Structure formats: C-alpha cells, structure tokens
Amino acid sequence: MLSGFIEKGGMVTMPNRFSSIVQLFSPVTSSLGLEITDSSIKMTELRLHKSKPPEIKAYHVEKLPKKAVEDGRILEPVTVTRALQTLTARVSQKTKFVHMVLPSQAIMVRFLKFPDIAHKDLVRLVDFEMKHHIHLPFDQPVYDFVKMNGTEAGRLTGHSSRRQKKIVHNKLPEASKSDDLFGQAAASKESVGLDLKGVDGLFGDSRQAEEGPQVEKTQCEVMLVAAPRELVDEYMHAVKAANLKVSSLEIKALSLYRVIEYMDFADKQGTLLVLDINERLADMSIFHDGMLKITRTVPVSFSEKEEGGAASDIDQLFAAFSDPDADFRGSCGDLAHELERLMNFYRYTLNNRSQEFSRLVLAGDVGRLNEIAGLLRERLQLEITMFYTERVQVQNMFQDLFPVYAVPIGLALRGNST
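Just so we're aligned: 281 in UniProt numbering is position 281 of the sequence shown, and the numbers increase by one with no gaps anywhere.
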C-alpha cells in the first residue's frame with residue numbers, strides 16, 4: 001500500500017517492479033528491511049548482486065516488552081529506539097536506509113472515481129475532496145493518491161493536511177497486465193480494500209477505457225491512501241533516533257507479494273490467499289492475476305497465557321482433565337472462520353464466483369506455525385505453502401525461519417529504490 005515516505009512529509013512512490021530494482025543495482029548493494037510489531041522488531045539485511053541471487057547477510061529480532069507498542073502505536077519510544085539501536089549494531093554499516101511497514105490496522109485506503117483530467121488538476125481536485133467530502137477516522141492525515149488508469153496513470157504525489165503542496169512527483173513504470181478495478185473500499189481495523197494494477201509494478205493502464213462504455217473514457221480510478229500523521233511521526237522519530245533513515249513505507253501485503261513474485265511457484269494467473277500471523281493480529285490478503293484485490297487485518301489470540309496466582313483446588317482438578325491445546329485449536333478455528341468469511345466475501349459479494357483459490361501462502365512469527373498450517377489445511381481444504389524460495393541465498397538453517405522474516409525480506413528486496 002504505502003511504498004514510499006520522504007522524511008519531509010507525505011506518502012510517495014508505490015512499489016516498483018523487482019526487475020527495475022535489479023537494473024539499479026551496483027555490483028553489490030546492501031538493503032535493510034524493518035518490521036515493527038506489537039511484540040518484536042525484526043530486521044533483515046540483504047546483499048543484492050547484479051549477476052547472482054540476493055543473499056541474506058543478517059537477520060535479527062528484538063523482543064519488545066508488553067505495552068511498548070500496542071495496536072500499532074509506539075507507546076514507549078525510548079524502548080523501541082533502544083531495540084532498534086541494538087539491531088542496527090548487529091548489521092553492517094554499509095547502509096543506513098531502511099524499508100519498513102506501517103501497521104495496516106491504522107491505514108485508510110479508498111478507491112474513488114474522478115474525471116480523467118491532467119495530473120496537476122487532479123491534485124487540486126483530490127485536495128478539495130480530502131478537505132470537504134472524505135471523512136477519515138483520524139485527524140491530520142498524511143495522504144497520497146495514485147491514478148490507476150486513464151491518461152498519466154501511475155503518477156503519485158504526497159500530501160498532508162498541514163502542507164498542501166507537491167512533495168514527490170514520480171512516473172511509475174507501466175505494468176504488463178491490467179484488469180478492472182474493484183471500486184471503492186475503506187480500510188479500518190477490520191478491513192482494507194485494494195486493487196492494484198499489474199503483475200510486476202502493480203500498476204498500469206486499464207483496458208476498460210477501451211472496452212467499456214463511452215462514458216468510462218472520461219473517468220479514471222484513483223487509489224487514495226491515508227495514515228494518521230501522529231502515527232507516521234512516531235515511526236519516523238524512532239527510526240531516526242536509532243541513526244537510520246527511512247527510504248520507503250508500505251504494507252505487509254505488498255512486501256509479501258514481492259517475495260511471492262520471487263518464488264518459483266508464484267501463480268500469477270490464479271487467485272492467491274496470503275496470510276501473515278503474529279500473536280495478536282493476522283493480515284489476510286487476496287491476489288488475483290498478480291493484483292492485490294483485498295486485504296484485511298483481524299485480531300487473533302495465539303499469545304501464551306501468563307502464569308497467574310496460585311490456582312484453587314477446583315481449578316487444578318479441572319486443569320488435570322482439560323485439553324491443554326483447546327485454546328490453541330480454538331484460535332485456529334477462529335482464524336479459519338475469518339479466512340472463510342474473506343473468501344466468501346471475495347467470491348460472492350465482489351462477484352468473483354468463477355475464481356478458485358490456488359493456494360494459501362503462510363508467513364508469520366507466531367509459535368507452532370506448522371501446526372496452524374496443518375489445522376487450516378484440514379478446515380479449508382486448500383493447499384498451504386510456507387514462504388520460502390531457493391532463489392534467495394540463505395544459511396542452511398534459515399529455511400524454517402524464512403516465514404518469520406518474510407516481511408522484512410520482501411522490504412529489503414526493494415534494494416536502493418524509493
């Protein structure tokens with residue numbers, strides 16, 4: 001979703017296709033991917049070579065104490081900064097620039113229709129809509145938009161409520177595929193709707209302007225992305241205090257799909273379900289024909305229960321006969337139910353009845369991930385694959401850890417792009 005943020009303010013470029021990144025490589029380039037969750041901070045360093053596959057040089061995680069980050073908000077910036085400094089000390093000093101994700105539960109994404117006018121005029125029109133007609137669940141938004149089809153498609157400009165002027169103006173590479181847009185969807189703590197164009201660049205011109213009714217030729221689709229300035233500032237300040245510089249921001253779904261594009265099994269013609277799980281949240285996303293159709297964040301409960309005080313005799317008696325895995329299986333059942341809801345919504349509400357899901361690709365740092373995969377496989381009757389690719393050089397023991405670091409790996413694959 002978010003794919004670039006300049007420290008001066010504003011969202012900027014959406015993810016460039018991986019092939020364009022490779023062309024920018026010097027013989028060897030170091031790239032850092034950073035993910036901050038409620039429970040930990042993960043960082044991955046990749047060496048990106050011009051003539052051979054990327055190489056994972058370092059991967060580290062720092063656990064965070066409870067309440068340091070909660071629901072994506074940094075409540076204890078000093079604690080987070082110290083953890084970032086510890087991670088930074090463990091990686092090479094060849095780069096200070098990092099690609100990172102914002103918490104998807106705090107982001108708003110909408111698809112809007114506007115007249116197909118020149119980009120400079122569209123900037124003023126979107127600004128007007130933001131001020132007067134588009135209601136956001138937070139104050140002082142930092143926002144950006146991209147023109148998805150029509151003339152001058154793919155141009156992006158960063159804005160904020162306090163600074164209504166152009167920050168970055170980029171022309172994205174044209175993608176190799178196109179499709180009709182999903183329409184408008186709002187992102188909240190429960191749901192984010194996206195429909196990004198193209199297999200590689202995730203953007204491109206739509207054939208609908210040529211094939212649809214004549215009236216559609218005068219309109220264009222615009223994807224609007226907004227985040228609370230306070231939240232963006234929290235992440236920027238924490239990273240800056242750790243002597244790092246943010247090169248780009250985006251959401252998990254796009255970071256993960258960047259890895260999927262690099263995996264041998266990526267079925268760009270089919271419908272793919274992507275799932276990332278941690279102890280408290282699960283990010284579920286659907287891709288079809290190489291495009292992100294919808295992504296949703298739901299609460300889960302896979303964290304281990306804290307030991308309480310001395311249990312009573314009755315509690316001890318019930319504990320002796322209770323199933324110790326009942327809570328775990330219940331959480332898996334709840335997650336499967338949410339996945340079924342998302343799949344049914346995509347098929348029937350969004351009128352995609354003819355599409356069949358080819359597989360579910362699973363990532364995350366939650367414990368017992370393989371067991372979760374097994375239980376989901378039984379419930380959903382769907383092929384489930386863990387994130388992993390031999391096209392990224394890794395250490396011998398890293399295969400089992402690949403799903404844990406899939407998000408920062410996808411971020412680091414951006415290389416020196418912004």
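Glycine is no exception: its CB is placed at the ideal position from the N, C-alpha and C atoms.
Computed from a predicted model, the values in this text were never measured in an experiment.
Beta-ladder partner(s) of residue i, from DSSP
i                 : result
isoleucine 286    : Leu273 and Ile294
phenylalanine 387 : BP columns for phenylalanine 387 are empty, so no partner.
threonine 44      : Gly33 and Tyr59
leucine 250       : For the record, residue 250 in the displayed sequence is glutamate; it is not leucine. Bridge partners of glutamate 250: Val101.
leucine 281       : Pro299
valine 28         : His49
Assigned secondary structure, residue i (DSSP; H/G/I helix, E/B strand, else coil)
i                 : result
phenylalanine 182 : A caution first: phenylalanine 182 carries a pLDDT of 23, below 50, which makes its placement in the model unreliable, though a value can still be read off. Phenylalanine 182: coil per DSSP, three-state reduction.
phenylalanine 114 : strand
proline 299       : strand
isoleucine 107    : coil
glutamine 355     : coil
serine 255        : helix
threonine 151     : coil
valine 407        : helix
methionine 100    : strand
alanine 241       : helix
serine 19         : In this predicted model, serine 19 has a pLDDT of only 39, less than 50, meaning its place in the structure is not dependable; the value taken from the coordinates is given anyway. Helix at serine 19.
leucine 136       : coil
phenylalanine 402 : coil
alanine 363       : strand
glutamate 216     : Confidence at glutamate 216 is low in this model, with a pLDDT of 45, below 50, so the placement of that residue should be treated as unreliable; the coordinate-derived value is given next. Three-state result, glutamate 216: helix.
leucine 64        : coil
aspartate 233     : helix
leucine 413       : coil
arginine 73       : strand
aspartate 334     : helix
aspartate 144     : strand
glutamate 210     : Only weak support exists for where glutamate 210 lies, its pLDDT of 37 falling under 50; the value from the coordinates is given anyway. In this structure, glutamate 210 counts as helix in the three-state DSSP scheme.
Residue range of the beta strand (DSSP E) that includes residue i
i            : result
tyrosine 348 : Where tyrosine 348 is concerned, there is no enclosing beta strand (DSSP E), given that its DSSP letter is neither H nor E.
proline 77   : Element bounds for proline 77: not the beta strand (DSSP E) but the alpha helix (DSSP H), 77-90.
leucine 224  : 219-228
Nearest-angstrom Cβ-Cβ length linking residue i and residue j, presumed shorter than 8 Å
i                 : j              : result
arginine 359      : threonine 389  : About 15 Å separates the two Cβ atoms, so there is no contact after all.
tyrosine 235      : isoleucine 74  : 7 Å
glycine 374       : proline 403    : The pair is not a contact, with the Cβ atoms about 14 Å apart (cut-off 8 Å).
serine 51         : arginine 414   : Actually they do not touch by this definition, with Cβ atoms about 19 Å apart.
aspartate 121     : glutamate 70   : Actually they are not in contact, since the Cβ atoms of aspartate 121 and glutamate 70 sit about 42 Å apart, beyond 8 Å.
phenylalanine 387 : valine 361     : 6 Å
phenylalanine 145 : methionine 223 : 6 Å
aspartate 327     : valine 300     : Contact doesn't hold; Cβ gap of about 12 Å is too wide.
Min CB distance residue i to chain B below 8 Å
i              : result
methionine 263 : As a matter of chain content, chain B is missing from the structure shown, which is built from one protein chain.
Host alpha helix (DSSP H) of residue i (start-end)
i             : result
glutamate 371 : 369-380
leucine 125   : 119-132
Check your understanding: Are at least three pairs of beta-carbons, each pair with one atom in the segment 240-253 and one in the segment 96-106, less than 8 Å apart?
Key -> yes
Exercise for review: Could you tell me whether the segment 85-95 touches the segment 403-414, where touching means 3 or more Cβ pairs closer than 8 Å?
Suggested key: no
Check your understanding: Quick check: the segment 61-70 against the segment 113-127, are there 3 or more CB pairs under 8 Å?
Key -> no
Exercise for review: Taking 8 Å as the threshold, find out whether the segment 341-355 comes into contact with the segment 281-301 through three or more Cβ pairs.
Suggested key: yes
Check your understanding: With a cut-off of 8 Å, do at least 3 Cβ pairs link the segment 271-290 to the segment 111-125?
Key -> no
Review point. Does the segment 46-59 come close enough to the segment 74-85 that 3 or more CB-CB pairs lie under 8 Å?
Key: no
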